[in-house]
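Enquirer:
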């Protein structure tokens, strides 16, 4: 739809008043005393918070639901002319249809303005709110503190976990890193990193600076400003080398006092180097068979790292071994999972969900977060189908958090491509002799083979806005066809997101790569998904939404690319030209 076309909401859709501002013209001789918002038999009084305030305003959190056709606002004023102040009330009938005539802005809000007797009233109406928007208002970025000396591998760790090109962590000379500086990446806006150098002997100032920084952040009132997790990066020592410096030991012994509930994970880095050295020594000695060598790796890691760590920090200290090498991506996945699990338990579920969004290494976390968002955003009574599907769409693409600077995934063109076959169960059947992942790879290989010929754009028919235009007028109802459409849209979009995760984990996203993913899904299981949903008995009673969600989860699980498959599947696909661009 055009950006200038008003989104039409059915008359039964609830309105949510989130803010009211009352402004008096400078030429008026009146003074505003207070205002009353009248909804049915309920009244909301609005008064000045400070004598210095020029405008009378009030923000409603949560927003006030309005289901009646008529709402009124009475602004109580008094004239200052004459011997005695004269009180008057200026009434503003607020007509629902007039409010709905205003365009929804990019933030999902309508702004309604009315002027009467030199008084201007501005009312902000919030539309159906997506779960991801609510979470990101509370916690827009995951805030991570990494601690470790230069050369331990902090930058590589961050690059792999969040799939970014570069980060300045650990680039400063030792002792010069500013822990207060926020390191961010333009291609992934869902995380922020603070860097602390290691606490080596004689560096009491660095230790004190870190303690003071953590204390300040713990006292921040807003979740977004707090530290959500700490990664303590430690190099696996050589032979009988020492794991922990004196300052690190002191920090770990006082971790409860310093950190409180903030999860800290000891990250033993460069595990691949440690393993290679052991294998080389074992090959030279010719004393170990394969089983004995594997046991040696476990025993040496325990002797050099785990036991010394627990002796200082206690047996409950979280720890993990990682390698930032591409072939050892599973170790970064486990670190992400350990972090997310403990942040959810000890910090806040919102911070944990934002970590799931920020990380780009674990496809399983993405799917889990998508389902969690759906479970809390399936109450659509009274809204249009376009409102409902737009909220679902935003929730899902926010979780996957691709490097999509041009917002192609949020475009109407992409939505149209998903919607074009939403009621079609008679699509060509896709053979699926293998799992979903391998079937996707076969479909991609076929597409890339065709693209290797003369340069031709991928053509996927779009319904030229007709579908979205119709959905703007259709009201959500608990009907079988409506529930099936929503189920189909969710599963289709989730499957396409998984394929994009294979093709472009670091981005950038373009119409070209999106259309490859859509075509691959068409060849790998779209018809089977549609047939399964059309064949499924969807209950339209009060619990119908719950039954539909159960079936959505089952289908997503059936058409899931497993985390442990991702690296192998990407290798099978080979390089894909992400720079190729074309029109929709």
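Residue numbers (this note's numbering): 12 to 595. We put the CB at the ideal spot given by N, CA and C, even for glycine.
Where residue 560 and residue 501 are concerned, what is the direct C-alpha to C-alpha distance, given to the nearest angstrom?
Expert: About 10 Å.
Enquirer: For residue 270, which residues of its own chain have a beta-carbon under 6 Å away from its beta-carbon, when the five flanking residues on both sides are left out?
Expert: Counting only Cβ-Cβ distances below 6 Å, and skipping sequence neighbours, we find nothing.
Enquirer: According to DSSP, simplified to helix, strand and coil, what is residue 160?
Expert: Correct three-state label for residue 160: coil.
Enquirer: So for residue 219, helix, strand or coil by DSSP?
Expert: Three-state DSSP puts residue 219 in a helix.
Enquirer: On the criterion of 16 or more Cβ atoms from any shown chain inside 10 Å, does residue 209 qualify as buried, or is it exposed?
Expert: Buried, since its Cβ has 16 or more Cβ neighbours within 10 Å.
Enquirer: What's the call for residue 417, buried or exposed, on a 16-neighbour Cβ count within 10 Å?
Expert: So residue 417 counts as exposed.
Enquirer: DSSP three-state label for residue 59, please.
Expert: Looking at residue 59 - three-state DSSP - the assignment turns out to be coil, as it is neither helix nor strand.
Enquirer: At which residue ranges does the segment 334 to 405 contain complete alpha helix (DSSP H) runs of 4 or more residues, listed in the order of the chain?
Expert: Listed in chain order, they are 340 to 357, 360 to 369 and 374 to 386.
Enquirer: Provide the residue span of the beta strand (DSSP E) that contains residue 199, from first to last.
Expert: Segment 199 to 207, the beta strand (DSSP E) holding residue 199.
Enquirer: Out of 167, 151 and 534, which has the shortest C-alpha to C-alpha gap to residue 342?
Expert: It is 167.
Enquirer: Beta-carbon within less than 6 Å of residue 158's beta-carbon, same chain only, minus the 5 sequence neighbours each way: which residues are those?
Expert: Closer than 6 Å at the Cβ level, and outside the excluded window around residue 158, lie 207 and 243.
Enquirer: Can you tell which of 223, 377, 422 and 423 has the C-alpha that lies nearest to the C-alpha of residue 568?
Expert: Closest option to residue 568, Cα to Cα, is 377.
Enquirer: Spatial neighbours of residue 451 within its chain, please: CB distance less than 6 Å, with the 5 preceding and 5 following residues excluded, ordered by chain position.
Expert: Only 510, 531 and 535 meet the Cβ criterion.
Enquirer: Nearest to residue 165 by alpha carbon, out of 54, 110, 31 and 280?
Expert: Ranking 54, 110, 31 and 280 by Cα distance to residue 165 puts 280 first.
Enquirer: Is DSSP giving residue 127 helix, strand or coil here?
Expert: Residue state, collapsed to three classes: strand.
Enquirer: Might you give, ordered along the chain, the residues of its own chain that have their beta carbon closer than 6 Å to the beta carbon of residue 137, omitting 5 neighbours on each side?
Expert: Answer for residue 137: 27, 29, 74 and 120, listed in chain order.
Enquirer: Where does residue 586 sit, in a helix, a strand or coil, going by DSSP?
Expert: DSSP places residue 586 in coil when its eight states are reduced to three.
Enquirer: DSSP three-state label for residue 265, please.
Expert: The answer is coil: DSSP assigns residue 265 none of H, G, I, E or B.
Enquirer: Measure the C-alpha to C-alpha separation of residue 84 and residue 36 and round it to an integer number of angstroms.
Expert: Between residue 84 and residue 36, the C-alpha separation is close to 18 Å.
Enquirer: Which complete alpha helix (DSSP H) runs does the segment 218 to 303 hold, if anything under 4 residues is left out?
Expert: Correct list: 257 to 264, 266 to 270 and 282 to 296.
Enquirer: Counting only runs that start and end within the segment 507 to 546, where is the alpha helix (DSSP H) found for 4 or more residues in a row?
Expert: Taking only runs of at least 4 residues, the alpha helix (DSSP H) segments lying wholly in the segment 507 to 546 are 522 to 535 and 537 to 546.
Enquirer: Roughly how many angstroms separate the alpha carbons of residue 201 and residue 402, rounded to a whole number?
Expert: Residue 201 and residue 402: Cα-Cα distance of roughly 19 Å.
Enquirer: Okay, do the segment 274 to 290 and the segment 235 to 250 touch, 3+ Cβ pairs below 8 Å being the bar?
Expert: These segments touch.
Enquirer: Between which two residues does the alpha helix (DSSP H) holding residue 424 run?
Expert: Taken as a continuous stretch (DSSP letters only), the alpha helix (DSSP H) holding residue 424 covers 423 to 430.
Enquirer: Is the beta carbon of residue 589 less than 8 Å from the beta carbon of residue 507?
Expert: Their beta carbons are not under 8 Å apart, which means residue 589 does not touch residue 507 by this criterion.
Enquirer: Taking only heavy atoms of the ligand SAM into account, decide whether any of them is closer than 7 Å to the Cβ of residue 561.
Expert: Of ligands this structure carries none, so the ligand SAM is not represented either.
Enquirer: Answer with buried or exposed for residue 406, where buried requires no fewer than 16 other C-beta atoms within 10 angstroms of its C-beta.
Expert: Residue 406 comes out buried.
Enquirer: Applying the 10 Å Cβ sphere with the 16-neighbour rule, what's the burial state of residue 135?
Expert: Residue 135 is buried by the Cβ-count criterion.
Enquirer: What are the boundary residues of the alpha helix (DSSP H) that includes residue 107?
Expert: Element bounds for residue 107: 107 to 111.
Enquirer: What's the gap between the Cα of residue 360 and the Cα of residue 383?
Expert: Computed Cα separation, rounded: 11 Å.
Enquirer: At the 8 Å Cβ level, is residue 97 part of the contact set with chain C, yes or no?
Expert: Of the protein chains in this structure there is only one, and it is not chain C.
Enquirer: Going by other Cβ atoms of all chains shown within 10 Å of its Cβ, with 16 needed for buried, is residue 65 buried or exposed?
Expert: Classification of residue 65: exposed, given that the 10 Å Cβ count is below 16.
Enquirer: Look up residue 42 in the DSSP assignment and say whether it is helix, strand or coil.
Expert: The answer is strand: DSSP assigns residue 42 an E or B state.
Enquirer: Rounding to the nearest angstrom, what Cα-Cα distance links residue 96 and residue 41 in this structure?
Expert: Their backbone Cα atoms lie some 10 Å apart in a straight line.
Enquirer: Comparing C-alpha positions only, which one of 435, 491, 81 and 583 sits nearest to residue 457?
Expert: Answer by Cα proximity: 583.
Enquirer: Is the Cβ-Cβ distance between residue 447 and residue 571 less than 8 Å?
Expert: Contact: yes.
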